[in-house]
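K.L.:
Quick one: the structure is below, and I'll ask about it shortly.
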Amino acid sequence: MAVLVCFLVKGDMFIDYVEIEVTSGRGGDGCVSFRREKYVPKGGPDGGDGGRGGDVIIEADENLSTLLDYRYKPFYKAEDGQPGGGALKSGHDGENIILRVPVGTIIKDLEKGDVIADLDAHGTQVVAASGGRGGKGNNHFKSSTNQAPRKATLGRPSIRLKLALELKLLADVGLVGYPNAGKSTLLARVTAARPKIADYPFTTLIPNLGIVKLHDFKTLVMADIPGIIDGASEGKGLGLQFLRHIQRTAALLFLIDGFASDVGAVYDSLYRELAEYDPDLVNRKIVKVINKTDIIEPKKLKTLQKKYPDFMFISAVTGEGIKELLERLERDLAERLK
Ligand SMILES: Nc1nc2c(ncn2[C@@H]2O[C@H](COP(=O)(O)OP(=O)(O)OP(=O)(O)O)[C@@H](O)[C@H]2O)c(=O)[nH]1
Ligand SMILES: [Mg+2]
């Protein structure tokens, strides 16, 4: 896991969605042939069967971290089966092809809109397009009334599919918050990731991952995603498309700018947007955090702390409260981090 994420964080390009076209192999045709031997004028039928076409298989591989390669090479075809031959010779089966994708890749049939597979463990496979069966040789069609059948069947056709490959990041904790709340600053503070940080909304346009080092060499993966605003579930701002990256995190960290005029209202609206997108999202550990304590007047800070006893208070810039926050995450995720 650690290797996978390091690569992602360091890579300058992050590809999480590609469309490809795959074609399975066609089945080889059955053969029409008759035995020819010396002194046997009318040999029986000996046409062999066609070979099976190759499958297109997709397999999750923990050594991969991006779908980048598929962007450069979007077409894949498995080998066709060979036709059958005389003397009952079967045609060779076409070779399967195996496309390797990172663990956490979801495969969709673009035409039907169905999810074909959700490859969430190393080594899991799906046959995306099966090869065509081989045709039968005329040997199969011999009967008492027809000793010399001229019939054989054709191999079954190949299957061509347009697929979408979509990679969900596998993170333990997802940061959610309004733009400018300080999510990327927090990620940079607690991990080696260096996301772009700036004093304007929507600085983060693609998700960033970082590894947080905890006690006893334990680590957790934190995902920083673009800011969410009111109405995001109806497509406002950058919309909620990035939420799919935190669909599998064990915990969500709601980060709220302590300067917000109404911290409670910000929390409620973030919660609502997420619940509208997917009720399951808010059905997990939620850690509520107020950021930027360094620029909140001490008196106002005290009032906030009293008013929101279930929130943690931090400054991603000075590091205040960060140790406690990490300890809290370690406790909350103890089961998962074992
Ligand atoms: N004073 C102070 N400023 C902070 C703190 N955390 C973040 N900031 C500032 O707030 C601004 C926004 O920070 P970012 O980390 O880019 O915010 P973000 O939530 O990632 O924003 P988006 O990517 O746009 O969603 C930057 O100018 C940061 O320097 C903090 O604890 N204290
Ligand atoms: Mg950001």
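Basically this note's numbering = 1-based index in the sequence shown + 7.
Backbone N, C-alpha and C define an ideal beta-carbon position, used for all residues, glycine too.
Hey, does Y315 have any beta-carbon neighbour from chain B nearer than 7 Å?
P.N.:
Annotation note: the requested chain B is absent from the structure, which comprises a single protein chain.
K.L.:
Drop a sphere of 10 angstroms on the beta-carbon of M8, count the other beta-carbons inside from all chains shown, and report buried for 16 or more, exposed for fewer.
P.N.:
Only weak support exists for where M8 lies, its pLDDT of 34 falling under 50; the value from the coordinates is given anyway. Burial call: exposed.
K.L.:
Can you check DSSP and say which residues form a bridge with N215?
P.N.:
Beta-bridge pairing links N215 to D231.
K.L.:
What number of angstroms, rounded off, separates the C-alpha of V296 from the C-alpha of H129?
P.N.:
Roughly 34 Å separates the two Cα atoms.
K.L.:
Going by alpha carbons, who is nearest to T2 out of Y77, P52, Y83, D36?
P.N.:
Residue coverage of the chain in this structure runs from 8 to 345, which leaves residue 2 outside it and unanswerable.
K.L.:
Can you tell me where the beta strand (DSSP E) with V183 in it begins and where it stops?
P.N.:
Note, V183: beta strand (DSSP E), 180-183.
K.L.:
Closer than 6 Å to a non-hydrogen atom of ligand 1 - does that hold for the CB of K330?
P.N.:
No, since every heavy atom of ligand 1 falls outside the 6 Å radius drawn around the Cβ of K330.
K.L.:
Determine the burial state of K299: buried for a count of at least 16 other Cβ atoms within 10 Å of its Cβ, exposed for fewer.
P.N.:
Per the 10 Å Cβ criterion, buried.
K.L.:
Out of curiosity, what's the CA-to-CA distance linking E337 and I166?
P.N.:
Taking the straight line joining both Cα atoms gives about 48 Å.
K.L.:
Output yes or no for whether 7 Å exceeds the beta carbon distance between R4 and D56.
P.N.:
Here the chain covers residues 8 to 345 and nothing more, so residue 4 does not appear.
K.L.:
Grab me the residues of A282's own chain with a C-beta within less than 6 Å of its C-beta, minus the 5 sequence neighbours each way, in chain order.
P.N.:
Closer than 6 Å at Cβ, skipping near neighbours: V289.
K.L.:
In terms of alpha-carbon separation, which member of L250, G34, A272 lies closest to N215?
P.N.:
The shortest C-alpha separation from N215 is found at L250.
K.L.:
Mind checking who P52 pairs with in its DSSP beta bridge?
P.N.:
BP columns for P52 point to F41.
K.L.:
Who's in the neighbourhood of ligand 1, going by beta-carbon under 6 Å from any heavy atom, listed in chain order?
P.N.:
Residues flagged by the Cβ proximity filter: G184, P186, N187, A188, G189, K190, S191, T192, I204, A205, D206, P208, F209, T210, T211, P233, G234, N298, K299, D301, I302, S322, A323, V324.
K.L.:
Could you check whether V228 and D179 sit closer than 7 Å to each other, using their CB atoms as the reference points?
P.N.:
Yes, the Cβ-Cβ distance between D179 and V228 is below 7 Å.
K.L.:
What I want to know is whether the C-beta of N153 ends up closer than 6 Å to one or more non-hydrogen atoms of ligand 4.
P.N.:
For ligand 4, the structure offers nothing, since it holds only ligand 1 and ligand 2.
K.L.:
Could you check how far apart the C-beta atoms of Q132 and I213 are, in whole angstroms? I think they sit under 8 Å.
P.N.:
Contact doesn't hold; Cβ gap of about 29 Å is too wide.
K.L.:
For G101 versus G138, is the C-beta spacing smaller than 7 Å?
P.N.:
Yes. Within cutoff.
K.L.:
Could you tell me the boundaries of the beta strand (DSSP E) in which E28 lies?
P.N.:
Counting along the chain, the beta strand (DSSP E) containing E28 begins and ends at 24-30.
K.L.:
State yes or no: is the C-beta of I236 within less than 7 Å of the C-beta of H252?
P.N.:
Result no, Cβ atoms of I236 and H252 do not sit closer than 7 Å.
K.L.:
Looking at L194 and A200, is the spacing between their C-beta atoms short of 7 Å?
P.N.:
Yes, Cβ-Cβ distance for A200 and L194 is below 7 Å.
K.L.:
For P90, I'd like the list of residues in its chain whose CB is within less than 7 Å of its CB, leaving aside the five on either flank, ordered along the chain.
P.N.:
G35, D36, C38, G57, G98, listed in sequence order.
K.L.:
Give me the Cβ distance between Y284 and L247, rounded to the nearest whole Å; I'm assuming they're in contact under 8 Å.
P.N.:
Contact holds; Cβ gap of about 5 Å.
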